[in-house]
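Residue numbers (our numbering), protein chains in the order written: chain Y, 50 to 386; chain C, 50 to 386; chain H, 50 to 386; chain U, 50 to 386.
Here it is, written out as structure tokens:
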């Protein structure tokens, strides 16, 4: 069961509610986020919610049968919208485009990308400074030095930053330089990292695991939310299957399913989702009609020379065309029956 | 290597060409279809095509490195269009909608569907009379009797029939009553059936196997083509993965990949692809932007009462809305940059 | 529900039982096999079996909740043993070794294999005469001519034949020349073929589908059994997964699971299961301890020259060593606690 | 390329070697482990190794084409054996049994397990104190307090501890209380954690990722080795596939493949590998014949009451029987041809 407490509730009243729930053999987890104060009760007994609902201090109570509670749409029907400031939002009512290189490589590179984005009125830039690489001998990113520069250049243009955090100790050092923390596909079930991001007042974008189910993605979001951070978005980026004709299998089925199960925004990453540059735009456009709230893709002035992921990266001409097409498709989507 | 022979070539000239290719240690397969006469040469030696190309009777010669040859776009660049007569076509330049129930159940049922389709100007109806079912105790379809009735009713309305053939012996008995033979996902590698369909002068729609790769789907099409039948289309219908939130994982990545690899039309079946009625329209629309040449989906007057697949079947209101939306999206697609 | 009827039951008594079951809203399928006469009732109502059980002519009655009924161990606890004559058996109490080439190629090839098998006291030889091949241009087997020769040579040595049947029309022509019909991994859900094999009085070995579940394999066996043929065995041969280090992923988990769910014998094919010659013996030995009733693998005098599957085929030295090791491991298995 | 340097090499000699390799356009990574000092050169140029091999200070040089270098058997042919002290070893020449509960729960629980293990002469106990759980509301383990107690009780009995480390900050605090750090299946590609474990002088057991390939597992081991820690072992524990009849699909194919590709010991975890208590012993025994160097499984006095994973946990009677059988099978393995 999920209880939203009245704001500014006195400790004694809260204690009384908790004690009542525990009396029903439910285990209580207290969750205090940027927006509200909740009690999550986990138990098996079949109880009458009204008895608890009438206690002083209970603003709202719901039965949520899903494994995940706070991120479920069974409880919160209104979609979550993340406000990044300066008019940049992620969530229903807007269509979000996040573009940029796989890796941050140099000041010159960032400037060309920022020029491209601002010319196309794109307000969010992606770019990795800490890179998870299968081999220890591959380029692992520019690190904090790169991030500080990225932040400085992007700020000057009014562009927001989405970048991957790989471990708990980076959360604090990266905090002041990012607008959205990205949790990568290899860390979707790095529970300590999710816990740490629960303590932060910045949006978190969680990518689906390489072979993660939709349920697991939602449970990972529940970790962050129950840790105290409601500012969450999810991202489908392709799953691992037997098919080798594409890098991953972009599971667009997950988009309408997630949109019904959760109130969180759902983005799609077609670059990793198919992994072949020529087809990235097709999959990006398809994702819009599957119901995505936004797209996150890779672009670079010269994809052939990119430090990583060149084979799935668009050049600026392709990227510009995609942006224009995305907007036309999104516009159509709003008028469909 | 792939050779197209000049029409009406004398046997001696053909024999001379074959003998020349065999002299190069290539194994030759002769293919005579409705449209032309080909020689497919399989071998490993690195040879100079021009020497063969200059032989009398060779109209065209190409090197095709793919496992599949005749269905490859490396050889035939112009897309294949299937003309079903009466102005009904499948392939580029048209957007094909095929709708209808999972199973043919009764005359009344067919009439309601035909009414719905003709009202919406849909010219192709699907419906199974032979049903592949996992359990031997499930409904297995109305058989030939159902097909004859289906044919009679559809003809009266100018609607074409797409229906599944399950075994070699059915090819002949079904022949006069179908417009498109469908090969189901469990028979994609039923090579004897593919061979038999190679000898038929009716279009064949091959569904991707439940866990079939894109390469295997193309090789299955090669079977039919090399058997003598060029009238082929392919259909993505979802693959089997670890994800259980949907019935299958619709692999829209396969659409642009197939469109580049082959000249054959590519349809998408969102009903089996996601298996959840509420989300079928989203995936159908997404498929259009992934580049599909058409959509094949399930509709029934009362999905709750359908003999099979009710959970993924649209009612007529949903189906009508989908048809209108599909046409608007297809219209937009033609104007995208 | 599953009812075994008394032998030689009068038609009127049978009709009375059927009518009683149908009165309970159960759909009845009558199954008459080589061994007995059954009624399979499919329905949802929660009924008291005793009322039916006391009707005249009912020898035995069971509730079977599985999708598959006749092959379930919930009904028949005693393991099925297939008796091929001349002291050759498949099933508990024996450990079956089936070995031979992927494809039958020539009389000389068959003779060398038969020599090898008889020297090692192996009584079952595998070898394909009809070969399912992904590409229409690959070698497709010697056909009936090869089978007749295979039969003649094997008979002369007292060796039994296991060979793949690919389509309905082959069932009859192959019948007199095979001892065990094999259904290949691409035909596990070729329901027409399964139906046809239900009408035959020869054992059938069904391989698991390339991406078939354990449940589906059992349902495929149910097709043959409910068609009238109880002489059945199953074979795990590797499934398709994301892993590319091996040809398939041999799912030995399936062995103890199948042994509990069904009374049918369970063999394992390590050659297709891993697809790498050097590791085939390891997997064969592992399969014995997973509980397999036998092993089916590929051997050839010169694997490098085999017409197909050479990369996973043992030479005779490797094969002889494997046979001796298999027997030692099986002997140990019988003495484990 | 991989170079082992002579012990105690002068800095100038080392610098000369590095400079020579860099002159060949190879990127050099210096690796100093507990046992030796290496240079790993990554590059594409086709060079003559002898020129480098003759430089002063080069003890050994090898070309290794794999993505992973230091863990490859192409370089180090002799199998790695981990010596945990007190006669406890992991690696060829011994068969390692690691048993214990999923989670450490209480002093009483640990004592019953330790009794069981010492009675059966098992020297390694597993048990989680930090538990990765999909849901934030599940039991997450006793933490450091539990580990200190675990260490104290196990030490008193001469039993070694294998336990999971989940994040970088735990490496140091856990260090003095563990004998083997286990990296769980959700952290196989937690590269920061792998880096941190490279700096430790304690053995590390890396479990294969839930959908990790064999190649990725080896690359993860390369991270730890190249970070300075040679004391490594790998563990197959089942992968995620479409099959739902078992919790995971135990991929025993991976055992002989890994044994050929790497010099590191390979263990198997049948508890997670199949996830069904009754079949765990079968799969454990099968793993021995697939070539495993040891087995890691879950046991608990009362599996029904275990805090986690009860459904796949053996009771002590089952565990004792398994231990005796494992030893008999391992004994047989050593005598097979």
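All C-beta atoms, glycine included, are put in the ideal place defined by N, C-alpha and C.
A quick note: this is a predicted structure, and the numbers were derived from the prediction, not measured.
Cutoff 7 Å; reference residue i; Cβ partners in own chain excluding five residues on either side
i, result
"residue 336 of chain Y", "301, 304, 317, 319 and 344"
"residue 98 of chain C", "50, 110 and 112"
"residue 53 of chain C", "85, 87, 108 and 109"
"residue 92 of chain U", "73, 74, 75 and 76"
"residue 326 of chain U", "352, 360, 361, 362 and 363"
"residue 181 of chain Y", "215, 233 and 235"
Exposure label - residue i; buried when at least 16 CB within 10 Å
i, result
"residue 295 of chain C", "buried"
"residue 114 of chain U", "exposed"
"residue 291 of chain C", "buried"
"residue 231 of chain U", "buried"
"residue 239 of chain H", "buried"
"residue 331 of chain Y", "buried"
"residue 297 of chain C", "buried"
"residue 184 of chain H", "buried"
"residue 136 of chain Y", "exposed"
"residue 100 of chain Y", "exposed"
"residue 275 of chain H", "buried"
"residue 333 of chain Y", "buried"
Proximal residues to residue i (C-beta, below 8 Å), its chain only, five neighbours per side dropped
i, result
"residue 204 of chain C", "none"
"residue 340 of chain C", "304, 305, 308 and 315"
"residue 156 of chain Y", "198 and 202"
"residue 382 of chain C", "337 and 338"
"residue 187 of chain Y", "180 and 357"
6 Å Cβ shell around residue i - same chain, five flanking residues per side excluded
i, result
"residue 102 of chain U", "110"
"residue 118 of chain U", "51 and 89"
"residue 191 of chain U", "153 and 178"
"residue 261 of chain U", "237"
"residue 259 of chain C", "234 and 289"
Chain A contact residues for residue i, given Cβ-Cβ distances below 8 Å
i, result
"residue 148 of chain U", "The structure shown contains no chain A; the protein chains it does contain are Y, C, H and U."
Across the stretch 274-290 of chain H and the stretch 242-254 of chain H, are there enough close Cβ pairs to call them in contact, namely three or more that are closer than 8 Å?
Yes, the stretch 274-290 of chain H is in contact with the stretch 242-254 of chain H.
Which ranges does the alpha helix (DSSP H) cover as unbroken runs of at least 4 residues, wholly within the stretch 170-218 of chain H, from first to last along the chain?
The alpha helix (DSSP H) runs lying completely inside the stretch 170-218 of chain H and spanning 4 residues or more are 192-206, given in chain order.
Would you list, in chain order, the members of the stretch 318-337 of chain C that have their beta-carbon closer than 8 Å to a beta-carbon of chain Y?
Cβ contacts with chain Y come from 322, 323, 325, 327, 328, 331, 332, 334, 335, 336 and 337.
Would you check if the stretch 338-352 of chain H and the stretch 145-153 of chain H touch, i.e. whether three or more CB-CB distances between them fall below 8 Å?
By the criterion of at least three beta-carbon pairs nearer than 8 Å, the stretch 145-153 of chain H is in contact with the stretch 338-352 of chain H.
Of all the alpha helix (DSSP H) runs that stay within the bounds of the stretch 87-120 of chain Y, which reach a length of 4 or more residues?
For the stretch 87-120 of chain Y, whole alpha helix (DSSP H) runs of length 4 or above, ordered along the chain, are 98-102.
Three CB pairs or more closer than 8 Å across the stretch 259-272 of chain C and the stretch 266-276 of chain Y:
The stretch 259-272 of chain C vs the stretch 266-276 of chain Y: no contact.
Runs of beta strand (DSSP E) wholly within the stretch 298-334 of chain Y (minimum 3 residues, chain order):
Fully enclosed beta strand (DSSP E) runs of 3 or longer: 315-317.
Taking contact to mean at least 3 C-beta pairs separated by less than 8 Å, is the stretch 361-372 of chain U in contact with the stretch 347-359 of chain H?
With a cut-off of 8 Å, the stretch 347-359 of chain H and the stretch 361-372 of chain U do not count as touching, because too few Cβ pairs lie within range.
Hey, which unbroken runs of the beta strand (DSSP E) at 3 residues or more fall wholly within the stretch 216-247 of chain Y?
Entirely contained in the stretch 216-247 of chain Y, the beta strand (DSSP E) runs reaching 3 residues are, in chain order, 229-232.
Please name the residues in the stretch 281-303 of chain U whose beta-carbon is closer than 8 Å to at least one beta-carbon of chain C, in chain order.
Here the close residues are 289, 290, 291 and 293.
Which runs of the beta strand (DSSP E) fall wholly inside the stretch 248-276 of chain Y and span at least 3 residues, in chain order?
Secondary structure in the stretch 248-276 of chain Y: the beta strand (DSSP E) runs of 3 residues or longer, each lying completely within the stretch, are 253-256 in chain order.
If you measure beta-carbon to beta-carbon, which residues of the stretch 63-79 of chain U are closer than 9 Å to chain Y?
Those would be 76 and 78, in chain order.
When you check each C-beta in the stretch 252-263 of chain H against every C-beta of chain U, which residues fall closer than 8 Å?
Going along the stretch 252-263 of chain H in chain order, one finds 260, 262 and 263 with a Cβ nearer than 8 Å to chain U.
What residues from the stretch 353-381 of chain U come within 9 Å of chain Y, judged by C-beta to C-beta, listed N to C?
Answer in chain order: no residues at all.
Identify each residue in the stretch 205-238 of chain U for which the Cβ-Cβ distance to at least one residue of chain Y is less than 8 Å, and report them in chain order.
Under the 8 Å Cβ criterion, the stretch 205-238 of chain U contributes 215, 216, 217, 218, 235, 236 and 238.
In chain order, what residues of the stretch 164-186 of chain Y put their CB closer than 8 Å to some CB of chain U?
Here the close residues are 181, 182, 183, 184, 185 and 186.
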